[in-house]
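Per my numbering: the sequence shown = residues 1 to 676. This report concerns only the one structure given below.
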Amino acid sequence: MKKWMLFVCSERESSRGFYKSLAEGLVPASAQRLISSHQDFHSLIHNTAFSETSHCIIEAELDWSGKNPGDFFGFDVAKSLRRSGLACGIFFCTYWPEEAFSVQKARFSLLQAPNWHQLIFLPTGLETFRKLPEVVMTQNQWEDVVDSLTDVRSLVQEVLHDLKNGVILPAEVISAEDKKCSLSRIVAAKFQQLLLILPEKEKELEKVQAALMSKILAEAETEGVAEYQEIIEQFTPEITQLAPEPEEKEETPLTRSTPWKVLFVDDEPQIRAVMAEGFKQYSINYELAGSGEQALDMLASDTRNTITVLICDIRLKDMKTGVWQKLQGYDIIDQARHMPNYLAFTALTSARKRLKRLQQQQQSSSIVAFYKKDILESPVGMGVFSQKIRELGNMVFFKSRNKPVSTSWRIGNRQRYGERLGLYYKAHLFSSDYDEAEQEINLSAERFVANILEGTSKLNPEISFTGTFKKPPADPEALDKFRQYILTGRRIALALYLVGGYSKEEVFKSMLPKTEFTGQMLKLLFNTTFCLSFQKDLPDKRDIDRGYYLGARLLQEEIQWLVERYRVNLELSTLQQNREAIESVAYLLDDLRDLLSEKQPKSAEDRKKLNAFLNDDLRDLTIVNYSKLEEKIKEADKLAIHFDVQKKFHEYIKLDLEDEIPDPRIKNMLLGLLKN
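And the structure:
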């Protein structure tokens, strides 16, 4: 039977598209299987023999509807595949940076485990700036992954646990012969899994299986309730001892004092005192401020960037006069974004409704929001909050130490562009959407791409980028094409990695002997695509010639694309967007969606209107169109009238107006709606 490859990815169209293009670049359609939903996976597990599977590629951060998997569901899926008999190499592909898999200073760039597991960090391109993680992987999370995939004894215990559950036969009466057949089949299947995990213990496993099966079959002859599970318990220690002892792991205490500080801003002295005690208890260094002016002064004087987390109460009053302070929490965060400091932003609020808004905003502005009472009144609130802050601080601390220092891209006046590069890199590194980046920085196309490349490369200190553009760019779809370039580069690198590519020098000599490259283009191309770091000793080098062919073909496509398509218009001024205008209307429509989601349409036409509205997301807009926004607002009001929720909808509008919507045109639209 022909070998085939298995690809497991999320349901998102972007994820499916990437893994589909990856599959097409690696193997023919007849030799690939793409799984992108829980239903497909369930069918695969129960109806597939994995003996002819050559490789398995799994998206580490799987996201399937109907499941609540957490951040690294791909590891659970891999464990299920292993327990179902998959014995080939597994590649985990992740967009998360290395810091996400770090415990204090320990860094893991490649996860090697029994049965060949590899953790591949895909090069961070523009696509990933939209979804940088808010936290690093905690020590407990990391240990769970290690236990699931790298601890052989843990894998053996998982199989034995499944075996004990498997021998619980149906309650209905079955013949003794059928009972024996069922038990024999169940035990044989589980011992086959044990053999996959412990291939060097084949003789020992055969001996234990025979003894276990003998006792189980004898028990099946007895009348009354059979004690199969107790029999398995008797053999469990003997089987477990066949697995090697887990390696001793050096404990890394999480309670040592942080090498960075948080700046906590709140108008109430009592709350500042309580939070200070909490930070002391959990060994987090801190500074306190009672006003926005004081906080910004402290950030300005922090020239060594020791403050890495800014925590702000959203509403700040002058405690003497009771009047709102000039700078509110959002103002402080907004101004801090324009400072050279590398910061993670955390917002506190006392209003549940506002908390929901802030949590929705996290994806577009990288603000982590908390409800005050959850921290101050819950018995475990401060502990959970401190752990989150510690994770945020570590993430920023590691990244800020890798900020760009090269001046190779500072064209013209160094002093003028030097600061802009740092600000621009900061905005892209800690904002989840490049549309939210520094709008004052109007860089030319060369510097725009250069800064993205250089900033990306600094996430991996061993990578550096160089590149030139021969002609002025002129393609308005520049960013999409650039993202596609990054994705294609990943596909090339992963293709070579899977089938056994060697070093860059060998690829040059044997794969592209007749192709002429400029030195600049080679550096740009290979430093972008070979971020995976080739492994010296791959398990199987039989397909090396095929790997060269695939790489050559894909690289030829890439070069052609570079020559014909890379003349793109990346003037930042053409991309500036007032996202606040879109967001303010989008949040208002979210409130209406919550109201309408409880309604049951009476007619097919009503159902069609309602579904169209519920599935429309303004955040897909790329450029502000006020006519479009006004049309959406009026359409929403008509729906509110039709479904009898206009009164509540207008209450939400009034609350938004109280929050001082920054865009005057949006504000006037909403005021006009209330008057009508």
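Glycine included, C-beta positions come from ideal geometry on N, C-alpha and C. As the structure is a computational prediction, the values presented were derived from the model and not from experiment.
Sort the options by Cα distance to residue i and report the nearest one.
i, options, result
"residue 58", "75, 64, 44", "75"
"residue 327", "295, 344, 302, 299", "295"
"residue 183", "195, 196, 165", "165"
"residue 300", "277, 343, 274, 281", "343"
"residue 268", "209, 160, 290", "290"
"residue 372", "306, 664, 348, 245", "348"
"residue 317", "329, 310, 311", "329"
"residue 206", "219, 220, 190", "190"
"residue 153", "238, 208, 210, 77", "238"
"residue 304", "82, 339, 648", "339"
"residue 283", "274, 259, 273, 264", "259"
"residue 615", "597, 603, 605", "597"
"residue 216", "228, 657, 649, 81", "228"
"residue 244", "201, 323, 84", "201"
"residue 40", "669, 10, 53", "10"
"residue 7", "83, 88, 65", "88"
"residue 187", "214, 203, 313, 176", "214"
Assuming residue i contacts residue j (C-beta within less than 8 Å), just tell me the rounded distance between them.
i, j, result
"residue 325", "residue 292", "6 Å"
"residue 585", "residue 653", "No, residue 585 and residue 653 are not in contact; Cβ-Cβ is about 11 Å, not under 8 Å."
"residue 393", "residue 308", "5 Å"
"residue 636", "residue 589", "6 Å"
"residue 242", "residue 198", "6 Å"
"residue 194", "residue 156", "6 Å"
"residue 91", "residue 38", "Contact flag wrong, Cβ pair sits at about 21 Å."
"residue 311", "residue 262", "6 Å"
"residue 62", "residue 73", "4 Å"
Is it right to say residue i is buried, meaning 16 or more other beta carbons lie within 10 angstroms of its own, or is it exposed?
i, result
"residue 368", "buried"
"residue 297", "exposed"
"residue 47", "exposed"
"residue 424", "Any answer about residue 424 is weak, because its pLDDT of 39 lies below 50 and its placement is not dependable; what the coordinates show is given next. Buried."
"residue 17", "exposed"
"residue 42", "exposed"
"residue 240", "exposed"
"residue 159", "buried"
"residue 178", "exposed"
"residue 278", "buried"
"residue 23", "buried"
"residue 378", "exposed"
"residue 82", "buried"
What did DSSP end up calling residue i once you bin it into helix, strand or coil?
i, result
"residue 322", "coil"
"residue 594", "helix"
"residue 679", "Given a span of 1 to 676 for the chain in the structure shown, any question on residue 679 remains unanswerable."
"residue 193", "helix"
"residue 370", "strand"
"residue 349", "strand"
"residue 82", "helix"
"residue 669", "helix"
"residue 608", "helix"
"residue 664", "helix"
"residue 675", "helix"
"residue 198", "coil"
"residue 602", "coil"
"residue 222", "coil"
"residue 153", "helix"
"residue 15", "helix"
"residue 383", "helix"
"residue 290", "coil"
"residue 227", "coil"
"residue 243", "coil"
"residue 301", "helix"
"residue 87", "coil"
"residue 391", "helix"
"residue 396", "helix"
Does the ligand NAP have even one heavy atom less than 7 Å from the beta-carbon of residue i?
i, result
"residue 188", "With respect to the ligand NAP, the structure shown offers nothing to examine, as it has no ligands at all."
May I ask you to list the residues that DSSP assigns as paired with residue i?
i, result
"residue 309", "262, 344"
"residue 285", "261"
"residue 4", "53"
"residue 34", "7"
"residue 58", "8, 92"
Closest Cβ-Cβ distance between residue i and chain D: below 8 Å?
i, result
"residue 384", "Within the model displayed, chain D is absent; a lone protein chain is all it includes."
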